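The sequence shown begins at 1 in the numbering used here and counts up by one.
Cβ coordinates follow ideal geometry from the N, Cα and C atoms, glycine included.
This structure is a prediction, so every number in the text was calculated from the model and none was measured.
The structure under discussion appears below in the form of structure tokens.
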Amino acid sequence: MRILKQATLVLAFAGSFSVAGAQDKYEWKGASSGGYTYKYVTNDPMKARFYTLKNGLTVILSVNKKDPRIQTLIGTRAGSNNDPKDHTGLAHYLEHLLFKGTQVYGTLDWSKEKPYLDQIENLYDKYNKTTGSDARKAVYHQIDSISGIAAKYAIANEYDKLMTAMGAQGTNAHTWTEETIYEEDIPSNAVDKYLSVQAERFRDPVFRLFHTELEAVYEEKNRGLDNDGRKMYETMLSTLFPTNNYGQQSTIGTVDHLKNPNLKAIRQFYNEYYVPNNMAIVMAGDFDPDYVIKAIDQRFSYMQPKPVKEYKPAPEKPISAPIVKTVMGPDAENVMIAFRMPGGLDTKSNLLLGVMSAILQNGKAGLFDLNLNKKQEVLAAGADLLQWKDYSILMLNGKAKPGQSLEDVKALLLGQIDILKKGQFDESLVKAIVNNAKLGELQGLENNSNRANSIMDGFIKSRGKNWASDVAYVTDMNTVTKQQIIDYANKYLGNNYVLLYKRKGEDKNIEKVEKPSITPVEVNREAQSPFLEKVAAMPATPVQPQWLDYQKDIQKGKVGNADVLYVQNKDNGLFRLYYRFDIGTLNDKKLMLAASYLQFLSTDKYSADQISKEFYNIACNFNVQAGSENTTVTISGLQENFDKAVALFEHIIANCQPNDAALAALKSRLNKVRTDSKLNKGNIQKGLSNYAMYGAKNPFNYTLPQAELDGLTSKELTDMLHNLMNYKHTVIYWGPQTLAAATADITRLHKVPATFAQAPAATKFAKQATGNAQVLFADYDMVQSEVNWVRNNGEYDPANTGIINLFNNYFGGGMGSIVFQTIRESKALAYSTYAFYAAPDRKNEKYSTVAYVGCQADKMNEAIAGMNELLNVIPRSEKGLTTAKLSMKQDIETERITNDGIIFSYLAAQKLGLDYDIRKQVYESIDKMNFDDVKKFHDNNLANKPYIYCIVASEKKVNLEDLKKLGEVKVVSLEEIFGY
């Protein structure tokens, strides 16, 4: 079947096509249980039940008893495509507002709050129609004043408090072109609480605290304007779809529309699209479906169906010649080619499109993999799919290596399309794609989120009507022939594409959303509605925590001189085998390059291309990852191919041959990657933070000097690879074999030396004591400013783990935390903000305090002052602390560390000097801690301490004199940050 693994844009293997043979195996059937009828598809591995309640609400349930948790999604088939033409971004606004509460929660006194909210709604209507800067400022001043009064009756983030107290994780929502989806991951014993809250949430939402939330959306928009990838994406859509709202209405909205919000229009949108016959509740996890469907019916039966006007756009006119666009910005250059393809409702097309996309790129043996990436013809190349109802998009992307133009990359990308259209690929590749899809299906079924998102995607696209085809998808892939792919490629892939160049330079078209004048509002931290108390009092069957006993849960053995750590997979036929070496890049900087080099090497028996094909044909993977302290070889796949996979890897590592041309190309590409890294603000921020923690010489810039890189030889690197197995390592196995059988197989396949070689001494980096306050500043052309606070503290002590976890939960860890409520909800200073006390991963190392605010540059001084106030004085909220403690308990009670995660938990504990599961100690400490403990921790470790401010912003938008008030300012060059 089709399993959707979460990604930013790509919905892999979307769509499906059933043939007659498959229909005999995957058929819709009806059944009844617990007084409710439902439909299901035979042989569906998710065993999804499709219910339609009397009011038209769709409920889809998939039981998975692996963990005592449930992934829940509530979705409506409406997104930015449905926005009014004169109010783009409206669906996204509404998504934000559905976290603000109703008449019964989120309010201290609805009868007193409502008149002010009515005034605010009317004032926004007036503001929307007012022209002239001064006149608009006057109206907004009224909005700001009345919003401050209304906020006195609001309870900010009470929704988050409700969910946190019941143990929910991943509280979130997203809006996209055709959907708005609300997400929660809840404990299995919180079903009644969850449904009670959600039923009330969608009953009659109140749009309170709107002007501060509006500012958060402004920040989100401005962050997008600083994101070159986002600008490429939106330019691609607007060019590819000159008619369809996919390209004509961005999800977040235009700057002009964002400046002119209309609460009445938002309410109208809600009334039109948030109706039961347009919505679905999806749940995947540990629950009784008979109980759950009855509980949903009881709570959501109040919803009344209405006719929903579907968005039905006119078909796009064919593209007759390439359309070329250029996007400017500070980040690295790249090229994208986008083809408009048939949409998600065309199941036959999507089956062929999915297979064709995998032929182009599958990570190992696709045309892009072998002809472009393996041969290092470009810096990087990829092929992605984006699939919606009306149309799909095939996106080809690439980056130029040194001495290469973006036009050269474009030609190479299109060259692979020509190869595809001519059928110059092996027909056996289609069979291998099917085998790997089966592997992906097995892996995806383990995860409740994958299940729920796959089901919801089917509802959004077809109301779930194509689920039989979705389930049959992998089986139907077997029916696809090479000629069908050739014909399909020739039909759809011609000169009918959009070509986008992302070039480095100033974007002179950026129009940021200006900061309105906002007075901080009350958040009423200690307030609770009667509804919250009612939900908290609902009975819930306790879930008992399960602790790991490393001595019992992990079996140990030997393979020659190497220790074996073993956990059996009793669920399916998957295996994962690791060789974990006690040597990393801190021992030898060249290890990372050697690990990358391996993928381009041949042996005396196989070419580099053949190696990739061999692994892909048996649906197995291998990877060599050089970390700072350990180098890890991972071999994974289906147990039936264990011997083939391990033997093949052992042959490769022992017999890989030097290739001077491959090394020269790798060095050239690495130099380009280094150059491009200096253009990425995220990398710059990470480097600054490392500079603050460790000093000028730090793990981030511990890289090969240019001269040393240039002098490396092929023989030197292949010798490192040949000798890797001689270093001390631990063998880790998770799979269906018994310990005896697994160790016997590994002993036969993996040769371990009688005596391990001595690893070079590791370079040590110690966190520096934080002295006087200091500002580290890096210039970057952007609308926003990014600010990190860094302070190093005392050495690791396991006795502090409980109080640190509670402090982080209470102070800066989520939407209900003190930091988020103050910086975003009350003061509207940032879209994203957090603060936490970070624990090291090794004993004898220091903790660090880390805080963050991402905001408009003109709000940076206010944001810094706001965070500093919180770092110095922690607000007291007994109810907030109670919620934080409840959340900690629920998280631990429902957490299940399974599979090879047990072994890696053990290894992480070992690094900290522990031989036990520390969660038990933390759990037992929760009820003993109070606010005085949290305040004492805050006062001792955060309050009135000097910090290092790491700031990435445009020097044109930031006054360095203001920064000097914080501490000594050091403008850090990119060479200092990156070490080259």
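Next on the checklist: Check for me: the alpha helix (DSSP H) holding PHE622 runs from which residue to which?
Outcome noted: As a first step, residue 622 must be located in the sequence shown, where it is residue number 622. No alpha helix (DSSP H) holds PHE622; the beta strand (DSSP E) holding it covers 620-626.
Item to check | Inter-residue spacing [alpha-carbon to alpha-carbon] between ASN262 and TYR124 | outcome: Along the sequence shown, one-based indexing puts residue 262 at 262. Along the sequence shown, one-based indexing puts residue 124 at 124. The straight-line gap from Cα to Cα measures roughly 6 Å.
Checklist entry - For VAL535, which of helix, strand or coil comes out of DSSP? => result Stepping through the sequence shown from its first residue, residue 535 is reached at position 535. The answer is helix: DSSP assigns VAL535 an H, G or I state.
Checklist entry - In terms of residue numbering, what span does the alpha helix (DSSP H) encompassing TRP110 cover? => result For the purposes of this step, residue 110 is taken as residue 110 along the sequence shown, with counting starting at 1. Residue range 110-129 is occupied by the alpha helix (DSSP H) that includes TRP110.
Checklist entry - What residue range is occupied by the uninterrupted alpha helix (DSSP H) comprising HIS1045? => result In the structure as shown, the chain begins at 1 and stops at 980. Residue 1045 is therefore absent and cannot be evaluated.
Item to check | Per DSSP, cross-strand counterpart(s) of HIS174 | outcome: The count along the sequence shown starts at 1 and reaches residue 174 at position 174. BP columns for HIS174 point to ILE181.
Next on the checklist: Suppose you measure from the CA of ASP118 to the CA of ILE143; what does that come to, to the nearest Å?
Outcome noted: Your numbering for residue 118 matches position 118 in the sequence shown. Your numbering for residue 143 matches position 143 in the sequence shown. Cα to Cα, the separation comes out at about 11 Å.
Item to check | Cβ-Cβ distance between ILE902 and ASP553 below 8 Å | outcome: In the sequence shown, counting from the first residue as 1, residue 902 sits at position 902. In the sequence shown, counting from the first residue as 1, residue 553 sits at position 553. Here ILE902 is near ASP553, since their CB atoms are less than 8 Å apart.
Checklist entry - With a Cβ-Cβ cutoff of 8 Å, do LEU385 and SER357 count as a contact? => result Numbered from its first residue, the sequence shown carries residue 385 at position 385. Numbered from its first residue, the sequence shown carries residue 357 at position 357. Against a cut-off of 8 Å, the Cβ pair of SER357 and LEU385 comes out as a contact.
Checklist entry - LEU394 by DSSP, collapsed to three states: which one? => result Position 394 of the sequence shown, counting from 1, holds the residue named residue 394. When DSSP states are grouped into helix, strand and coil, LEU394 belongs to the strand group.
Next on the checklist: Measuring alpha carbon to alpha carbon, tell me which residue in TYR578, ALA168 and ARG208 is nearest GLU895.
Outcome noted: On the sequence shown, residue 895 is found 895 positions in, with the first residue counted as 1. When each option's Cα is compared against that of GLU895, the closest is ALA168.
Checklist entry - Just the Cα atoms here: how many angstroms apart are LYS5 and SER454? => result Indexing the sequence shown from 1 puts residue 5 at position 5. Indexing the sequence shown from 1 puts residue 454 at position 454. A caution first: LYS5 carries a pLDDT of 44, below 50, which makes its placement in the model unreliable, though a value can still be read off. Just so you know, the alpha carbons of LYS5 and SER454 end up roughly 8 Å apart.
Checklist entry - When the Cα atoms are used, what is the spatial distance from LEU258 to ASN861? => result As a first step, residue 258 must be located in the sequence shown, where it is residue number 258. As a first step, residue 861 must be located in the sequence shown, where it is residue number 861. Using only the alpha carbons, I get a separation of about 24 Å.
Checklist entry - Where does PRO315 land, buried or exposed, given buried means 16+ other C-beta within 10 angstroms? => result As a working mapping, residue 315 is identified with position 315 in the sequence shown. So PRO315 ends up on the exposed side.
Item to check | Run of the alpha helix (DSSP H) containing ILE951, from where it starts to where it stops | outcome: Within the sequence shown, residue 951 is the residue found at index 951, counting from 1. Annotation for ILE951: no alpha helix (DSSP H) segment contains it, though the beta strand (DSSP E) segment containing it runs 948-953.
Checklist entry - Taking just the CA atoms, how far does VAL731 sit from ASN701? => result Locating residue 701 in the sequence shown gives position 701, counting from the first residue. Locating residue 731 in the sequence shown gives position 731, counting from the first residue. In this structure, the alpha-carbon of ASN701 lies about 31 Å from that of VAL731.
Checklist entry - How about ASP797: is its Cβ closer than 7 Å to a heavy atom in the ligand MG? => result Ligands displayed in this structure: none; no statement on the ligand MG is therefore possible.
Checklist entry - My guess is that THR718 and PRO658 are in contact by the Cβ rule of under 8 Å, so how many angstroms apart are they, rounded? => result As a first step, residue 718 is located in the sequence shown; it is residue number 718 there, counting from the start. As a first step, residue 658 is located in the sequence shown; it is residue number 658 there, counting from the start. Their Cβ separation, rounded to whole angstroms, is 5 Å, which keeps THR718 and PRO658 in contact under 8 Å.
Item to check | Close beta carbons around TYR218, own chain, < 6 Å, minus the five adjacent residues each side | outcome: Position 218 of the sequence shown, counted from the start, is the residue given in the question as residue 218. Cβ neighbours of TYR218 beyond the five flanking positions: VAL513.
Checklist entry - Do you know whose CA, among THR177, ALA190, THR171 and SER196, lies nearest GLU184's CA? => result As a working note, residue 184 is residue 184 in the sequence shown. Answer by Cα proximity: THR171.
Checklist entry - CB-CB under 6 Å to ASN788, same chain, minus the five flanking residues each way: which ones, in chain order? => result The sequence position of residue 788 within the sequence shown is 788, counting from 1. Counting only Cβ-Cβ distances below 6 Å, and skipping sequence neighbours, we find SER689, TYR852 and CYS950.
Checklist entry - To which residues does DSSP link ALA779 through a beta bridge? => result Here residue 779 refers to the residue found at position 779 when the sequence shown is read from its first residue. Reading off the sequence, residue 779 comes out as Asp, not Ala. According to DSSP, which records beta bridges pairwise, ASP779 is partnered with ALA953.
Item to check | PRO875 versus GLU200: straight-line alpha-carbon distance, rounded | outcome: The residue given as residue 875 occupies position 875 in the sequence shown. The residue given as residue 200 occupies position 200 in the sequence shown. Whole-angstrom Cα-Cα distance: 30 Å.
Item to check | Coil, strand or helix - TRP547 by DSSP | outcome: Counting from 1 along the sequence shown, the entry for residue 547 is found at position 547. The three-state secondary structure of TRP547, taken from DSSP, is coil.
Next on the checklist: Between PHE339, TYR550, SER392 and LYS465, which has its C-alpha nearest ILE417's C-alpha?
Outcome noted: Start at 1 with the first residue of the sequence shown, and residue 417 comes out as number 417. Among PHE339, TYR550, SER392 and LYS465, the Cα nearest to that of ILE417 belongs to PHE339.
Item to check | Limits of the alpha helix (DSSP H) - the one that PRO289 falls within | outcome: Position 289 of the sequence shown, counting from 1, holds the residue named residue 289. In this chain, the alpha helix (DSSP H) harbouring PRO289 covers 289-300.
Checklist entry - Which word fits GLU961, buried or exposed, when buried means at least 16 other C-beta atoms lie within 10 angstroms of its C-beta? => result Locating residue 961 in the sequence shown gives position 961, where the first residue counts as 1. GLU961 comes out exposed.
Item to check | Helix, strand or coil at GLN555 according to DSSP, with G and I counted as helix | outcome: Along the sequence shown, one-based indexing puts residue 555 at 555. Strand, per DSSP.
Next on the checklist: Does the contact criterion of 3 or more C-beta pairs under 8 Å hold for the region 85-94 versus the region 269-284?
Outcome noted: With a cut-off of 8 Å, the region 269-284 and the region 85-94 count as touching, because enough Cβ pairs lie within range.
Checklist entry - Considering only residues of the region 827-883, which uninterrupted alpha helix (DSSP H) runs meet the minimum length of 4 residues and lie entirely inside it, listed in chain order? => result The region 827-883 contains these whole alpha helix (DSSP H) runs: 860-872.
Item to check | Residues bridged to LYS502 [DSSP beta-bridge criterion] | outcome: Indexing the sequence shown from 1 puts residue 502 at position 502. The partner list for LYS502 (beta bridge, DSSP) reads VAL327 and ASN334.
Checklist entry - Which residue comes first and which comes last in the beta strand (DSSP E) that contains MET283? => result Your numbering for residue 283 matches position 283 in the sequence shown. Start and end: 279-285.
Checklist entry - In whole angstroms, what is the alpha-carbon distance linking PHE978 and ASP228? => result The residue you call residue 978 lines up with position 978 of the sequence shown. The residue you call residue 228 lines up with position 228 of the sequence shown. Their backbone Cα atoms lie some 21 Å apart in a straight line.
Checklist entry - Between TYR847 and PRO798, what straight-line distance do the alpha-carbon atoms span, to the nearest angstrom? => result In the sequence shown, residue 847 corresponds to position 847, counting from 1. In the sequence shown, residue 798 corresponds to position 798, counting from 1. Annotation: TYR847 to PRO798 spans about 12 Å, alpha carbon to alpha carbon.
Next on the checklist: Out of ARG223, GLU407, ALA773 and SER405, which one is the CA nearest neighbour of TYR831?
Outcome noted: As a first step, residue 831 must be located in the sequence shown, where it is residue number 831. For TYR831, the closest C-alpha among the options ARG223, GLU407, ALA773 and SER405 is that of ARG223.
Item to check | Inside the region 378-445 only - alpha helix (DSSP H) runs reaching at least 4 residues | outcome: Secondary structure remark: continuous alpha helix (DSSP H) runs of at least 4 residues inside the region 378-445, in chain order: 406-422 and 428-445.
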